[in-house]
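These notes concern the structure reproduced below.
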Amino acid sequence: MQELFDLVRQLIDPEKIIQLGGLALVTAVVFAETGLMVGFFLPGDSLLFTVGLFCALQILPVSVSWVLVSLSLAAMVGDQVGYWTGRFLGQRLFEKQDSRFFKRKYLDQTRAFYQRWGGSAIILGRFVPIVRTFAPILAGAVQFPPRTFLLYNVSGGLLWVFSLILAGYGLGTAFPWLRKYVELIALGIIFLSVLPLLRTAWKERQRARTPSPQ
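Under my numbering, the letters of the sequence shown match residues 35 to 248, in that order.
And the structure:
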């Protein structure tokens, strides 16, 4: 069990992921976070930014073009797997009980995000932890049109991967000393990523507290 916890700790650290498995492991993590319900705890935004930074500094000795292609495909294929998982589960998804890797509150948070943003949640949700994992699954479960989902998926996947990797690559090229602050940068990205989710949850809580008119 301790070995499992040690592995999980390493898999939530972007720098460790890159050191352990290079681009291959990064690609697997991006796919798992977007395509598998159990991948919700994996880093996404901070990992992509760190990959771009490490490419610029030659810590990850891979062409940034190849990185962009590989991770864009992983993100898009992951979302498609999540979507068809949701289609397969259908209403059973909403009857699923809490477990170690599934919490109903994650589904509720994603539903609230959908209610606010509509179909755009598939694109915007790419930048929000937890929502990123459950948005495609929920879209499949509610029978979101497959072709429309694919369009949002491709657009969102490209925007997510290109924006964060190129941001890291550009800053790493201009300011190589940022290497010393990777952990702080990752924490900052995570904080900014969860702000929309916290805001949505806070609004839902305020709405629940407001007494309905008689």
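Using N, Cα and C, we set each Cβ at its ideal position, and we do this for glycine too.
| query | With distances taken between CB atoms, is the gap from residue 202 to residue 128 smaller than 8 Å? | reply | In this structure, residue 128 does not lie closer than 8 Å to residue 202 by Cβ.
| field | Span separating the alpha-carbon of residue 130 from that of residue 123 | value | Taking the straight line joining both Cα atoms gives about 10 Å.
| task | Take every Cβ of the segment 182 to 199, pair it with every Cβ of the segment 103 to 112, and state whether three or more of those distances are shorter than 8 Å. | result | Contact between the segment 182 to 199 and the segment 103 to 112 is established, with three or more Cβ pairs separated by less than 8 Å.
| task | State buried or exposed for residue 217, treating a residue as buried only when at least 16 other CB atoms are found within 10 Å of its CB. | result | With fewer than 16 Cβ atoms within 10 Å of its Cβ, residue 217 is classed as exposed.
| Since residue 63 and residue 76 are thought to touch, with beta carbons under 8 Å apart, how far apart are those beta carbons, to the nearest angstrom? | The pair is a contact, with the Cβ atoms about 5 Å apart (cut-off 8 Å).
| field | Whether residue 78 touches residue 150 by CB criterion (8 Å) | value | No, the Cβ-Cβ distance between residue 78 and residue 150 is not below 8 Å.
| request: Ignoring anything shorter than 4 residues or poking outside the segment 94 to 139, list the alpha helix (DSSP H) runs there in chain order. | output: Under the rule that a run must span 4 or more residues, the alpha helix (DSSP H) segments found entirely inside the segment 94 to 139 read 98 to 123 and 126 to 129.
| field | Own chain, CB closer than 6 Å to residue 74, minus 5 neighbours either side, in chain order | value | Here the set comprises 164 and 167.
| task | Check the C-beta distance from residue 120 over to residue 171 and give it rounded, since I have them as a contact under 8 Å. | result | So it is a contact: roughly 4 Å between Cβ atoms.
| query | Is the Cβ of residue 191 closer than 8 Å to any Cβ of chain D? | reply | Checking the listed chains, one finds no chain D in this structure; it contains a single protein chain.
| field | Chain-order list of residues whose beta-carbon lies under 8 Å from that of residue 186 (same chain, five-residue window excluded) | value | The beta carbon of residue 186 lies closer than 8 Å to those of 153, 154, 156 and 157 in the same chain, with the five residues before and after it left out.
| What residue does the alpha helix (DSSP H) around residue 8 start on, and which one ends it? | This structure gives no information on residue 8, because the portion of the chain shown stretches from 35 to 248.
| query | Mind checking residue 7: buried by the 16 CB within 10 Å criterion, or exposed? | reply | Not covered by the structure: residue 7. The range shown for the chain is 35 to 248.
| said: Quick check: what's the CA-CA separation for residue 45 versus residue 89? | reply: Cα to Cα, residue 45 sits roughly 19 Å from residue 89.
| task | Compare the Cα-Cα distances from residue 180 to each of 52, 49, 116 and 70 and report the closest residue. | result | Nearest of 52, 49, 116 and 70 to residue 180, Cα basis: 116.
| said: Judging by CA-CA distance, which residue of 146, 210, 56 and 80 is the nearest neighbour of residue 47? | reply: The option with the nearest alpha carbon to residue 47 is 80.
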